[in-house]
Amino acid sequence: MSMPFFSPGDHPGSSFTELLRRVGLEPFDETRVVSAQSPAFQVPHATTCVALRFADGVVMAGDRRATSGNLISHRSMEKVVPADRFSGVAIAGAAGPAMEMITLFQLQLEHYEKVEGQLLSLEGKANQLSMLVRGNLPAAMQGMVVVPIFAGYDLFRREGRLWDYDPTGGRYEERQYVATGSGSLHASTVVKLGWHSSMSRDEAVALAVKSLWEAADVDSATGGPDALRGIYPVVASITASGWERVADTDIATVVDSLVADHQARNTGGEQP
420 MSMPFFSPGD HPGSSFTELL RRVGLEPFDE TRVVSAQSPA FQVPHATTCV ALRFADGVVM
480 AGDRRATSGN LISHRSMEKV VPADRFSGVA IAGAAGPAME MITLFQLQLE HYEKVEGQLL
540 SLEGKANQLS MLVRGNLPAA MQGMVVVPIF AGYDLFRREG RLWDYDPTGG RYEERQYVAT
600 GSGSLHASTV VKLGWHSSMS RDEAVALAVK SLWEAADVDS ATGGPDALRG IYPVVASITA
660 SGWERVADTD IATVVDSLVA DHQARNTGGE QP
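Just add 419 to the spot in the sequence shown (first one is 1) and you have this note's numbering.
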């Protein structure tokens, strides 16, 4: 390839980017850049999760679908996991970085407990997760955002507490409920309408499942209950007794009730 020659009026000067433009190459052409949002590189994303306080602690729930663009990349992803005995994390965003972040978070909490001989305070755990989210900021700016929910039972205050985060690591404690992911607007609206401070565990579980049900009805990235495959949302409660996952059989019962209620409303009849 021969060196390009320029007339005095067309010389690019000392700018390398201008030189590229003069020879027909656009250095910042978005069509040439492969990002996390481009069709050539679709990152699997986890979607909708919710958490809400009830009388004895908190309930966390998440749908099971992961999507890559307009495709379903996984139907049974676990988005709600225990961080330790008295806290849990729910993830939304880029699945790979989120799973790595949770694994590191669990390891850090276990390491602290072994070194110090006691559990880190619940607020300390929330701060630790905030730093991990902040560390993911460079990836977030390329489209691989991770936005978790953290919740747990505070052994000092003797109550459930929950936090949400922004991609820069900012953490915000919520007093009643929180939702994240693509269907969060619809899920949080359902929880807002049904939440009250004296809810029992069963009422909180039913409300969380209903919120995901309604989110899945309007958001294609949120997966609804799949009775055919036996796939139901992951739901767990955290109380003074610790983390406890709700059995799929119990979730199936809640879903059956939602189906019956939906059918009754559509036919104008009453739920038996």
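Cβ atoms here follow ideal geometry from the backbone N, Cα and C, with glycine treated the same way.
Could you check how far apart the C-beta atoms of residue i and residue j are, in whole angstroms? I think they sit under 8 Å.
| i | j | result |
| --- | --- | --- |
| ALA570 | ALA470 | 5 Å |
| SER528 | LEU539 | The amino acid at residue 528 is misidentified as Ser; the sequence shows Leu. With 8 Å as the limit, LEU528 and LEU539 qualify as a contact, their Cβ atoms being about 6 Å apart. |
| ASP482 | PRO652 | 5 Å |
| VAL508 | PHE524 | 7 Å |
| LEU631 | THR467 | 6 Å |
| SER619 | ALA474 | 6 Å |
| LEU677 | LYS611 | Not really, about 18 Å apart at Cβ, beyond 8 Å. |
| VAL673 | VAL624 | 7 Å |
| ARG494 | ARG648 | 7 Å |
| HIS464 | THR436 | Not really, about 33 Å apart at Cβ, beyond 8 Å. |
Let me know the secondary structure DSSP gives residue i once reduced to three states.
| i | result |
| --- | --- |
| GLY476 | strand |
| THR658 | strand |
| GLU535 | helix |
| THR486 | strand |
| ASP645 | strand |
| ALA634 | helix |
| SER434 | coil |
| VAL779 | No answer is possible for residue 779: it lies beyond the span of the chain, which begins at 420 and ends at 691. |
| HIS681 | helix |
| SER676 | helix |
| VAL628 | helix |
| VAL469 | strand |
| PRO458 | Confidence is the limiting factor: at PRO458 the pLDDT is only 48, short of 50, which leaves the residue's position unreliable and the question unanswerable from this model. |
| HIS493 | strand |
| HIS464 | strand |
| VAL653 | strand |
Determine the closest residue to residue i out of the options, with distance taken between C-alpha atoms.
| i | options | result |
| --- | --- | --- |
| ILE491 | GLY476, PHE505, GLU532 and THR641 | THR641 |
| ARG484 | TRP662, ASP475, ASP638 and VAL597 | ASP638 |
| LEU574 | ASP645, PHE505 and ARG472 | PHE505 |
| ASP621 | ALA655, SER433, ARG580 and LEU631 | ALA655 |
| ARG472 | TRP662, ARG594, THR608 and VAL552 | ARG594 |
| THR693 | HIS681, ALA646, GLU633 and THR486 | With the chain covering only 420 through 691, there is no way to say anything about residue 693. |
| ALA558 | GLU578, ARG576 and GLY588 | GLY588 |
| ARG576 | SER426, TRP662, LEU541 and GLN561 | LEU541 |
| ASP650 | SER426, PRO431, LEU626 and ASP667 | Residue identity differs from the one stated: residue 650 is Ile in this sequence, not Asp. Checked all of SER426, PRO431, LEU626 and ASP667; the closest Cα to ILE650 is ASP667. |
| TRP614 | GLU437, VAL477 and ASP429 | VAL477 |
| GLY643 | GLU663, ASP675 and TYR531 | ASP675 |
| ASP669 | ALA646, HIS681, ASP680 and ASN685 | ALA646 |
| ALA502 | TRP662, GLN682 and ALA671 | TRP662 |
| SER603 | SER616, ARG580, ASP636 and GLY579 | ASP636 |
| VAL499 | GLU578, ASN489 and ALA517 | ALA517 |
| GLY579 | GLN561, SER617, MET560 and GLY536 | SER617 |
| TYR572 | GLU532, VAL665, ILE657 and VAL442 | ILE657 |
| GLU519 | HIS530, LYS544 and GLY554 | GLY554 |
| GLY488 | VAL597, SER601, LEU526 and PRO431 | SER601 |
| VAL665 | GLY536, GLY432 and ALA627 | ALA627 |
So with Cβ pairs under 8 Å, would you call residue i a contact of chain C?
| i | result |
| --- | --- |
| VAL610 | As a matter of chain content, chain C is missing from the structure shown, which is built from one protein chain. |
Subject >> Any alpha helix (DSSP H) of 4 or more consecutive residues that is wholly inside the region 542-607 >> reply: Listed in chain order, they are 556-559.
**OP:** Please determine if the region 538-553 and the region 583-600 are in contact, where contact requires at least 3 C-beta pairs separated by less than 8 Å.
**Re:** Short answer: they touch.
Subject >> At least three beta-carbon pairs within less than 8 Å, the region 558-565 to the region 508-520 >> reply: They touch, by the three-pair rule.
**OP:** Please specify which runs of the beta strand (DSSP E), each continuous and at least 3 residues long, are wholly inside the region 496-526, giving them in chain order.
**Re:** Here the runs fully enclosed are 499-503 and 506-509.
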